[in-house]
Amino acid sequence: MRTVYVNGEYMPENEASVSIFDRGFLMADGVYEVTSVLGGKLIDFEGHAVRLQRSLDALDMRSPIDREDLLEVHRELVRRNGIDEGMIYLQVTRGSAGDRDFVFPDPETTAPTVVLFTQAKPGLAHSPAAKKGMKVISIEDIRWGRRDIKTVQLLYPSMGKMMAKKAGADDAWMIEDGYVTEGTSNNAYIVKDGKIITRELSNDILHGITRAAVLRFAEEAQMQVEERNFTIEEAQAAEEAFITSASTFVMPVVEIDGVALGDGTPGPVATRLREIYLEESLKAAV
Ligand code: PMP
Numbered sequence: 218m219r220t221v222y223v224n225g226e227y228m229p230e231n232e233a234s235v236s237i238f239d240r241g242f243l244m245a246d247g248v249y250e251v252t253s254v255l256g257g258k259l260i261d262f263e264g265h266a267v268r269l270q271r272s273l274d275a276l277d278m279r280s281p282i283d284r285e286d287l288l289e290v291h292r293e294l295v296r297r298n299g300i301d302e303g304m305i306y307l308q309v310t311r312g313s314a315g316d317r318d319f320v321f322p323d324p325e326t327t328a329p330t331v332v333l334f335t336q337a338k339p340g341l342a343h344s345p346a347a348k349k350g351m352k353v354i355s356i357e358d359i360r361w362g363r364r365d366i367k368t369v370q371l372l373y374p375s376m377g378k379m380m381a382k383k384a385g386a387d388d389a390w391m392i393e394d395g396y397v398t399e400g401t402s403n404n405a406y407i408v409k410d411g412k413i414i415t416r417e418l419s420n421d422i423l424h425g426i427t428r429a430a431v432l433r434f435a436e437e438a439q440m441q442v443e444e445r446n447f448t449i450e451e452a453q454a455a456e457e458a459f460i461t462s463a464s465t466f467v468m469p470v471v472e473i474d475g476v477a478l479g480d481g482t483p484g485p486v487a488t489r490l491r492e493i494y495l496e497e498s499l500k501a502a503v
């Protein structure tokens with residue numbers, strides 16, 4: 218049984234609970250982060266901690282825990298649960314004011330709820346899916362306008378994954394005004410004339426921590442990067458495509474809406490970026 222963390226305490230998962238009045242439960246009034254663990258160490262903890270603060274600030278939510286303590290809780294959960302490869306999920310909500318009300322509760326009297334738990338994923342770094350590549354479908358992006366805030370409003374992304382599954386694919390890329398925004402839980406890229414193309418940062422997409430690292434490593438490796446919009450048609454005609462996220466790192470995409478990219482196998486740019494990302498982030502893991 219897992220040991221989890223709830224509001225300052227470690228406990229067995231079956232003893233952990235939050236109020237039925239918690240605003241995360243009633244209103245999706247909460248934010249989250251997922252940090253991966255490789256070799257028992259945290260990948261890009263600093264990036265996730267900074268983005269957590271940004272999400273909290275955007276929603277006018279108080280930080281329930283400082284950076285140092287947060288790192289310690291992450292490490293303690295890795296230790297207590299013997300995680301070698303996997304993820305740590307962190308969620309902060311505006312807490313429970315003991316009733317349901319649209320108005321935010323007074324932060325002086327209502328403390329945020331903080332929950333962390335681990336997910337063991339042995340073999341995460343050497344996932345067979347990375348060798349095979351994934352298939353995506355395109356769906357309309359009907360999410361709200363602040364996708365840069367990492368909120369727990371994940372119903373539409375969850376529906377998107379179900380649409381993909383039904384279509385025999387692995388995930389969905391979302392389209393707004395004719396252009397790809399991002400994947401349901403990842404950032405989207407194509408490769409054209411050897412150049413890596415991905416949508417620029419704005420409120421339309423989540424500012425992926427893996428995205429930032431991968432673009433940095435790509436530039437260090439003298440690969441060309443262009444931040445701009447692209448359509449599904451351009452993606453289908455691209456040499457390669459891939460996604461990035463904390464839990465999949467860099468994952469090649471080999472088919473879009475039934476159209477195979479190139480020869481239908483993972484391309485050299487995505488494969489190389491995955492290797493570089495794993496190598497470099499392991500070096501910097503804490
Ligand atoms: N976009 C969305 C919509 C996501 O949910 C995620 C992962 N949570 C990402 C992008 C990738 O972000 P990161 O690299 O920080 O995991």
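Be aware that the sequence shown starts at 218, since it is given in this note's numbering, and climbs by one per residue. Where a beta carbon is used, it is the ideal one built from N, C-alpha and C, also for glycine.
For the pair Asp410 and Ile354, the Cα-to-Cα distance works out to about 23 Å.
Classified as buried, His265 has 16 or more neighbouring CB atoms from the shown chains inside 10 Å of its CB. A direct Cα-to-Cα measurement between Asn420 and Thr398 gives close to 10 Å.
Collapsing the DSSP output to three states places Phe238 in coil.
Our two residues, Lys412 and His343, have alpha carbons roughly 26 Å apart in a direct line. Given a length threshold of 4 residues, the stretch 291 to 334 has no whole run of the alpha helix (DSSP H) inside it.
Here the alpha carbons of Arg364 and Phe466 stand approximately 20 Å from one another. DSSP, reduced to helix, strand and coil, places Asn231 within a helical segment of the structure shown.
For the set Leu288, Ile305, Ser234 and Lys500, the Cα lying nearest the Cα of Ala430 is the one of Lys500. Between Glu456 and Gly481 a beta carbon distance of about 12 Å is seen, past the 8 Å cut, so the two are scored as non-contacting.
Contact between the stretch 294 to 305 and the stretch 329 to 342 is present, with at least three C-beta pairs closer than 8 Å.
For Glu393, the shortest C-beta to heavy atom distance toward the ligand PMP is 7 Å or greater. One thing to note: Gly350 has its Cβ within 8 Å of the Cβ of Pro469.
Taking all protein chains in view, the Cβ of Leu372 is surrounded by fewer than 16 other Cβ atoms within 10 Å, so the residue is classified as exposed. Per DSSP, reduced to three states, the secondary structure at Ser280 is coil, with no helix or strand assignment. The closest CA to that of Gly312, considering only Glu450, Phe319, Glu250 and Asp239, is found on Asp239.
Counting every other CB atom within 10 Å of its CB across the protein chains shown gives Glu226 a total below 16, marking it as exposed.
By the 16-neighbour rule on beta-carbons within 10 angstroms, Ala438 is exposed. Annotation for Met468: the continuous beta strand (DSSP E) segment containing it runs Phe466 to Ile473. Distances between the C-beta of Ile422 and the heavy atoms of the ligand PMP include at least one below 7 Å. Check the Cα spacing between Ala452 and each of Ile414, Leu259, Val369 and Ala463: the tightest is with Ile414. The C-beta of Pro329 has 16 or more other C-beta atoms within 10 Å across all chains shown, which makes the residue buried. Take Gly362, set aside five residues on each side of it, and the residues of its chain with a beta-carbon closer than 7 Å to its own are Asn420, in chain order. With contacts defined as CB atoms closer than 8 Å, Leu341 and Ser253 qualify as a contacting pair. Gly377 sits in a helix when the DSSP states are folded into three classes. Assigned with DSSP and collapsed to three states, Gln370 falls in coil, not helix or strand.
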